[in-house]
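Engineer: Attaching a single structure in structure tokens format; questions to follow.
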Amino acid sequence: MRGMPSNLLPGEPLCSPQTTVLLESTIHLLRRLHQCDQWSPHINQHIHSHLELIGPLLREDDSGGFNPGLSPAHTEREENERDKDLAGDDTRELLSHRRSLSEAKLAALCTEVWPVLAVIGGVDSGVRAGGVCLHKPSGRRAILLGVLKEGSSLAKLQWEEADLSVRYYKK
Numbered sequence: 001m002r003g004m005p006s007n008l009l010p011g012e013p014l015c016s017p018q019t020t021v022l023l024e025s026t027i028h029l030l031r032r033l034h035q036c037d038q039w040s041p042h043i044n045q046h047i048h049s050h051l052e053l054i055g056p057l058l059r060e061d062d063s064g065g066f067n068p069g070l071s072p073a074h075t076e077r078e079e080n081e082r083d084k085d086l087a088g089d090d091t092r093e094l095l096s097h098r099r100s101l102s103e104a105k106l107a108a109l110c111t112e113v114w115p116v117l118a119v120i121g122g123v124d125s126g127v128r129a130g131g132v133c134l135h136k137p138s139g140r141r142a143i144l145l146g147v148l149k150e151g152s153s154l155a156k157l158q159w160e161e162a163d164l165s166v167r168y169y170k171k
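Residue numbering for the sequence shown follows the UniProt record's numbering, starting at 1 and increasing by one per position.
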């Protein structure tokens, strides 16, 4: 968070870890840019192009490559024939293992698809440094600046009201 005192920690384990704080801040920035007319089409196109990768990644053959010469019906027929050839008690276990995602597919999903899903849905809605929190007894809102030492249950807050200064509050 810009202007946040550098001597404060993000507040692990009671608050989100620093990587989550940075990730949520980046997502917040992208969502704010998405509200601008100049940025919205570019962000939409990027999200759309990465979500379109889901289908091809899940239609890949077991070797991790695409099988463009065969129609989906032909490929499905081949899979059904292979499934019928498997016999014994372990058939279900073998089928589920064979159909699981390969390392390459999983890596592609994690690097290409999951980030845009994070922009859509967020990563962690928990308490984090730079996030807004609500003081239930008074109904006042504040920004959590962080904690002074690791494992502390005291957090430094900046109240939204202009007349209140930065204070320490027990979490």
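We treat Cβ as the ideally placed atom computed from N, Cα and C, and that holds for glycine.
Since we're looking at a predicted model, the values are computed, not measured.
What's the call for G131, buried or exposed, on a 16-neighbour Cβ count within 10 Å?
Structural biologist: In the sequence shown, counting from the first residue as 1, residue 131 sits at position 131. Buried, by the Cβ-count rule.
Engineer: I'd like to confirm the pairing. Which residues does DSSP put opposite I143 in its beta bridges?
Structural biologist: For the purposes of this step, residue 143 is taken as the residue at position 143 of the sequence shown. DSSP output for I143 lists V132, Q158 as bridge partner(s).
Engineer: Please work out which residues of its chain come closer than 6 Å, Cβ to Cβ, to residue 213, disregarding the five sequence neighbours upstream and downstream, and give them in chain order.
Structural biologist: Here the chain covers residues 1 to 171 and nothing more, so residue 213 does not appear.
Engineer: Determine the direct distance from the alpha carbon of E103 to that of D89, and round the result to whole angstroms.
Structural biologist: By one-based count along the sequence shown, residue 89 stands at place 89. By one-based count along the sequence shown, residue 103 stands at place 103. Legend: pLDDT at D89 = 49, less than 50; position of this residue unreliable, no value from coordinates given.
Engineer: Should the stretch 122-136 be called in touch with the stretch 17-24, which here means at least 3 C-beta pairs below 8 Å?
Structural biologist: Touching, per the Cβ criterion.
Engineer: Among I43, C36, L8, which one has its Cα closest to the Cα of P115?
Structural biologist: To locate residue 115, count along the sequence shown from 1; it is residue 115. Ranking I43, C36, L8 by Cα distance to P115 puts I43 first.
Engineer: Quick check on the burial criterion: 16 or more other C-beta atoms within 10 angstroms. Buried or exposed for R128?
Structural biologist: Here the question's residue 128 lines up with position 128 in the sequence shown. By the 10 Å Cβ count, R128 comes out buried.
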